[in-house]
Amino acid sequence: MSVRREVFQHLLAHYGPQGWWPAQTPFEVMVGAILTQNAAWTNVERAIERLKEEGALDPQVLAGVEPTRLGEWIRPAGYFNVKARRLQAFCRWYLAQGEWEALSRWETEPLRRALLAVHGVGPETADDILLYAFERPVFVIDAYTRRLFSRLGLVSAEWDYERLRAWFEDGLEPDPALFNEYHALIVRHAKVHCRVRPRCTACPLQPRCPQGRLSRS
DNA sequence: ACCCAGGGTCATA
DNA sequence: TATGACCATGGG
54 MSVRREVFQH LLAHYGPQGW WPAQTPFEVM VGAILTQNAA WTNVERAIER LKEEGALDPQ
114 VLAGVEPTRL GEWIRPAGYF NVKARRLQAF CRWYLAQGEW EALSRWETEP LRRALLAVHG
174 VGPETADDIL LYAFERPVFV IDAYTRRLFS RLGLVSAEWD YERLRAWFED GLEPDPALFN
234 EYHALIVRHA KVHCRVRPRC TACPLQPRCP QGRLSRS
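Per this note's numbering, the very first residue in the first sequence carries number 54; after that it's consecutive.
Take a look at the structure:
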């Protein structure tokens, strides 16, 4: 069994299933993936709740609304002017491609490249969408994943996004449910254990639990 | 007061 | 290709 699989088993045994992505529809996943860029999820929840209240959790509505008004709706998520433009750029593309039903028939690689070509969608956001909205076996790399696995000594801190993603995908079965749970568990471990309990007395990854802060690059 | 949060774009060298 | 500035709210 690969070490990638072992770490997963430890995390799952310790924290249990995380039930990601917390959304009712694939489109809500996509909106959340853009809104959560460098933002706390609790703030994103407020923004999404507001969109629901406004009847605006819909690509047609989001694409057509006045940008300043959309900015007010999503203000709690931070960077609201930037994210209003990103949401609208995404929705225009999403509608032009025929929404989820048409996009779900694309192969994963072309779909990934198309997502990356949308303004405001970078590698992590694209992979969030591929994994959690389209259930494709794509491993999401975030700052927590880098920190955890580099401090475990399993990867180098110098590796770029694509190399890290390939390392995970090459060492695991290409199972969307596995990748779903794994990424969620990494986020849970970073938040609940390393930040809230910095002394690390009951770490599921003993004896080398990674601690410390994320360096702001 | 500072640090961080489920990042990405753009200008510059 | 690789840094750095910039975006902005809310919680600990």
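Where is the CB? At the ideal position from N, CA and C, for every residue including glycine. As the structure is a computational prediction, the values presented were derived from the model and not from experiment.
8 Å Cβ cutoff met for residue i and residue j
i    : j    : result
W126 : E107 : yes
L164 : L184 : no
P120 : A137 : yes
V97  : L88  : yes
Close Cβ partners of residue i (< 8 Å) along its chain, the five nearest in sequence each way excluded
i    : result
L65  : E234 and L238
V135 : G173
Unbroken alpha helix (DSSP H) run spanning residue i, endpoints
i    : result
A130 : Per DSSP, A130 belongs to no alpha helix (DSSP H) and is neither H nor E.
T198 : A196 to R204
D223 : Y214 to D223
A109 : Careful: A109 lies outside any alpha helix (DSSP H) and carries neither H nor E.
E125 : P120 to W126
Beta-carbon proximity list for residue i, same chain, < 7 Å, skipping 5 on both sides
i    : result
V249 : The predicted position of V249 is uncertain, since its pLDDT is 45 and thus under 50; a value taken from the coordinates is nonetheless stated next. Around V249: no qualifying Cβ.
W73  : Y185, N233 and A237
Same chain only: Cβ atoms within 6 Å of residue i, ignoring 5 sequence neighbours per side
i    : result
F202 : V208
R241 : Y68 and Q71
W153 : P79
S55  : G224
8 Å contact criterion, which residue i and residue j should meet: CB distance rounded
i    : j    : result
V82  : L110 : So it is not a contact: roughly 11 Å between Cβ atoms.
A92  : A130 : 5 Å
F192 : E222 : 5 Å
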